[in-house]
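Residue numbers (this note's numbering): 6 to 482. Glycine included, C-beta positions come from ideal geometry on N, C-alpha and C.
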Amino acid sequence: MASPSYSDLPEAYGSTNADPSKLPPASATTSLPEVYGQHVPNPSQLPHVTETTNLPEVLEGPKPYYEVPDHERKLENGDTLGERRIWGIKRKTFFILLVVIAVVVIGGAVGGAVGATVGKGDSESSPSSDDTATTTSGNSPTSTSSSSILPDSQLASVNWTDSSGYAHYYLFYQNNDKMLINSIWDSENKTWEARSLSASLNSSGVNIDIHTGSSIAAVAWNAPDDDWNLKVYVIRIDNAIVELTTEQSTVEAAWKQGGLGTNKLIAAEGSNLAAWHPNVGNSSWHPETVLLWQDDEQDVKLSISGGNWNDGGTITQAMNSTGLAITAIQGIPRPEEIRWRVFYDSSDKLRAQLISTDLDLEATKPSALRRDLPQDATSNYAVLCINEIDILAVNLGGDGSLVARYSDNSIWSDDDAPTLHGSPSGISASSNFTAIAAHAGRRVYGIVDGEIHEWKFSDDTPMDWTYVGQVNTTVSN
Numbered sequence: 006m007a008s009p010s011y012s013d014l015p016e017a018y019g020s021t022n023a024d025p026s027k028l029p030p031a032s033a034t035t036s037l038p039e040v041y042g043q044h045v046p047n048p049s050q051l052p053h054v055t056e057t058t059n060l061p062e063v064l065e066g067p068k069p070y071y072e073v074p075d076h077e078r079k080l081e082n083g084d085t086l087g088e089r090r091i092w093g094i095k096r097k098t099f100f101i102l103l104v105v106i107a108v109v110v111i112g113g114a115v116g117g118a119v120g121a122t123v124g125k126g127d128s129e130s131s132p133s134s135d136d137t138a139t140t141t142s143g144n145s146p147t148s149t150s151s152s153s154i155l156p157d158s159q160l161a162s163v164n165w166t167d168s169s170g171y172a173h174y175y176l177f178y179q180n181n182d183k184m185l186i187n188s189i190w191d192s193e194n195k196t197w198e199a200r201s202l203s204a205s206l207n208s209s210g211v212n213i214d215i216h217t218g219s220s221i222a223a224v225a226w227n228a229p230d231d232d233w234n235l236k237v238y239v240i241r242i243d244n245a246i247v248e249l250t251t252e253q254s255t256v257e258a259a260w261k262q263g264g265l266g267t268n269k270l271i272a273a274e275g276s277n278l279a280a281w282h283p284n285v286g287n288s289s290w291h292p293e294t295v296l297l298w299q300d301d302e303q304d305v306k307l308s309i310s311g312g313n314w315n316d317g318g319t320i321t322q323a324m325n326s327t328g329l330a331i332t333a334i335q336g337i338p339r340p341e342e343i344r345w346r347v348f349y350d351s352s353d354k355l356r357a358q359l360i361s362t363d364l365d366l367e368a369t370k371p372s373a374l375r376r377d378l379p380q381d382a383t384s385n386y387a388v389l390c391i392n393e394i395d396i397l398a399v400n401l402g403g404d405g406s407l408v409a410r411y412s413d414n415s416i417w418s419d420d421d422a423p424t425l426h427g428s429p430s431g432i433s434a435s436s437n438f439t440a441i442a443a444h445a446g447r448r449v450y451g452i453v454d455g456e457i458h459e460w461k462f463s464d465d466t467p468m469d470w471t472y473v474g475q476v477n478t479t480v481s482n
């Protein structure tokens, strides 16, 4: 805190009954009066005060300095000599005021110096918003988040590359009002923006009461004719699965309800969702979207869009509220034979089952990975195909820690915690993650303490993740 100017200090006047309108105005340039000894000199002996003198003044008149009055009253009409005064004030009162003013000035100066020192220390220890919002070329940037994410929120992510070669990343999650929020990043602008998908629906008269903590699944693709597609799947409060879609790739996209809004698919309470669509197609061939969900009998169901979302069959029975994931890999030894690989929890073990695209559910038997999963496996798995053959599969442990494994030419590694490089203090693979997601852009996302964080990895080191930054979840108006 800066010390106050002398004009802010209390002024001493000659009479307590003085007319305030006749008092001289204060000036920011006034200072303290000079102190004389016990015997006050004659006014004619006082030094002449100039504008450049450093001597402070108590009062200021219209002139740059105050004219010193006669300190001895004249004898008029037989009056006796009055008590000696200094500038119209009794000597004792003057010196008391002088001491008070000196204490105030010294205290203000010391306080200002201390305040400036403390303020400097605070500014050095607390980084500015510019320090926390950094961008690395080719990476999605760090951004401070002030939004409130629903504690039970799930997370879904997809990526898409446009015809100009720019990458687009999408994240979907819920806020504390159960609104569905969408954060978007692209490699041209290199910044995250967040908008309310629910608000976009409401503006067009579509009101969907999304289940608190609903599972979220999403797919994005562009066909060779450059048609762009993005679809999101959530569960309503009545457990009906809802499809949301848009034909725009910007954060201002207008969303609408898709073909699953007529209660065709009713999921079990707590069911998870998983969706997949190939990034291929043309004007004469439109690949189908595959959707996984669980019914009240704990059957993992497979539905496809091409059959008007008819039941594609039961894959298997699984643990209640099992995590679900689906991806596609090339056929071995014939790469042209694309197969789906479905992941679910069976008897507390993560299982991967191959399914041919002709929906021959008996074509292969499921293979069990080496990790026993938490009994309450309610979080979706983050699973993605790395190079059309290998797969990275991540799930959350019962304590919110990350557990990952990958397949190399169909040989699965031992499951282990991924190595996180450059993460903020307090965030590690053993942190309390509440949701995870990943997409084919070699990005993994996790919600930790109500904030979304992003990591990247390379094909040759899928278990080594490098921190990219915090995703902006502050919704723009």
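In whole angstroms, what separates the C-alpha of residue i from that of residue j?
i, j, result
"H444", "K261", "24 Å"
"E456", "P423", "20 Å"
"W345", "Y386", "16 Å"
"G143", "L270", "With a pLDDT of only 45 at G143, under the threshold of 50, the placement of this residue in the model should not be trusted, and no figure is reported."
"G263", "H216", "18 Å"
"S158", "W417", "30 Å"
"D464", "A199", "29 Å"
"S203", "Y174", "19 Å"
"D167", "A225", "11 Å"
"S372", "S220", "25 Å"
"W314", "L397", "29 Å"
"N392", "V163", "16 Å"
"K354", "S415", "18 Å"
"I189", "V256", "6 Å"
"I334", "N212", "38 Å"
"I240", "D421", "32 Å"
"V476", "V388", "20 Å"
"V449", "G403", "19 Å"
"M184", "I441", "19 Å"
"V408", "S169", "36 Å"
Use the C-beta contact count for residue i: other C-beta atoms within 10 angstroms, 16 or more gives buried, fewer gives exposed.
i, result
"E302", "exposed"
"P467", "buried"
"I242", "exposed"
"Y178", "buried"
"L171", "Checking the sequence shown, residue 171 turns out to be Tyr, not Leu. So Y171 counts as exposed."
"E252", "exposed"
"S276", "buried"
"S310", "buried"
"G474", "buried"
"H282", "buried"
"N181", "exposed"
"G210", "exposed"
"I186", "buried"
"D214", "exposed"
"N437", "exposed"
"I357", "The residue you asked about is not Ile; residue 357 is Ala in the sequence shown. Its Cβ being crowded by 16 or more others within 10 Å, A357 is buried."
Using three-state DSSP, classify residue i as helix, strand or coil.
i, result
"N385", "coil"
"D265", "For the sequence presented, residue 265 should be read as Leu rather than Asp. Three-state DSSP puts L265 in coil, outside helix and strand."
"G318", "strand"
"S208", "helix"
"L202", "helix"
"S463", "strand"
"G402", "coil"
"I186", "strand"
"S162", "strand"
"S352", "coil"
"S310", "helix"
"I271", "strand"
"I101", "helix"
"I432", "coil"
"R78", "With a pLDDT of only 43 at R78, under 50, the local geometry of the prediction cannot be trusted, and the value read off the model is given with reservation. If DSSP states are grouped into helix, strand and coil, R78 belongs with coil."
"I154", "strand"
"I391", "coil"
"I221", "coil"
"I343", "coil"
"S481", "coil"
Taking only heavy atoms of the ligand NAD into account, decide whether any of them is closer than 8 Å to the Cβ of residue i.
i, result
"N414", "The ligand NAD is not part of the structure shown, which contains no ligands of any sort."
Please name the residue or residues paired with residue i in a DSSP beta bridge.
i, result
"Q253", "According to DSSP, which records beta bridges pairwise, Q253 is partnered with nothing at all."
"H216", "For H216, which the question treats as bridged, DSSP gives no partner whatsoever."
"T471", "H426, K461"
"Y175", "V163, I189"
"H444", "R448"
"E248", "Y238"
"S412", "I396, W417"
"V456", "Inspection of the sequence shows that residue 456 is occupied by Glu rather than by Val. V453, per the DSSP bridge assignment."
"V305", "Q299, T321"
"W233", "N227"
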